[in-house]
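The sequence shown begins at 896 in this note's numbering and counts up by one. Idealized CB from N, CA, C, for every residue including glycine. If you're wondering where the values come from, they're calculated on a predicted model, not measured in any experiment.
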Amino acid sequence: MDKYCHFIYSPYEAIHCYLPLTTFSSLSLCSIVMHPHKDLLVSCGEDRVWKMVGLPKGNVLLTGLGHTDWLSNCCFHPSGNKLATSSGDTTVKLWDLSKGNCILTFEGHTHAIWSCTWHSCGDFVASSSLDTTSKIWDVNSERCRYTLYGHTDSVNSIEFFPYSNTLLTGSADKSLSIWDARTAILYH
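Take a look at the structure:
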């Protein structure tokens, strides 16, 4: 078998993709994300490291080490030149992908962070946490712009609505909330 992705089609079985890449980690992977413009993939997980690999060969091009606990999520800046990672160590880190080094660490959550996302303008990152809050981080001023209160349990997922100032959060309290990211006001 060569090192390219093969799809096995059958009317009676699920579609399987066999991509014989090297083992990414000795521990569980928590997140994978595709580069917005190139054939690159970043993975992160319980080993506290993110890895960028070239596709389709799967060769590791860059790694990032700096978190002190497992990585829960990673996401590319809209331009693809930076990466944000969230972690059980309660931080969000921003990475310069031209060098692979951490350029900024956001601190403020009191429990593990489950998810992070970039705003489409690239100037803001949002994070969601086990501490029942979400935060909007201003990359230019290097500080927390807003803390969003309203959920009564862990906020497990967060996403900016594309090209807007609307932020969505999903929680273990069984609710989906819609926020105005400019004011931190809860719509729904």
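Looking at the DSSP output, Lys988 shares a beta bridge with Thr980, Thr1000.
Residue burial is scored here from C-beta neighbours: Thr1064 has at least 16 other C-beta atoms within 10 angstroms and is therefore classed as buried. Straight-line measurement puts the Cα of Gly959 at about 12 Å from the Cα of Gly940. By the neighbour-count criterion, in which a residue is buried when 16 or more other Cβ atoms sit within 10 angstroms of its Cβ, His972 is buried. The residues Leu1025, Ala1067, in chain order, have a CB closer than 6 Å to that of Ser1049 in the same chain once the five nearest residues on each side in sequence are set aside. Fewer than three beta-carbon pairs drawn from the region 991-998 and the region 1007-1019 are found closer than 8 Å, and the two stretches are therefore not classed as touching.
Cα atoms of His962 and Ser982: separation of roughly 7 Å, rounded to the nearest angstrom.
Nearest Cα to Leu950 within the set Asp942, Ser974, Lys933, Tyr1058: Lys933. Annotation for Pro1057: Ser1015 place their beta carbon closer than 7 Å to its own, counting only its chain and skipping 5 residues before and after.
Secondary structure note for Gly949: its beta strand (DSSP E) is the uninterrupted segment 944-949. For Gly1045, the CB contacts under 7 Å within the same chain, skipping 5 residues up- and downstream, are Ser1072, Leu1081 in chain order. DSSP, reduced to helix, strand and coil, places Tyr1041 within a strand of the structure shown. Relative to Glu1054, the option among Ala1076, Leu956, Gly975, Ser938 whose CA is nearest is Ala1076.
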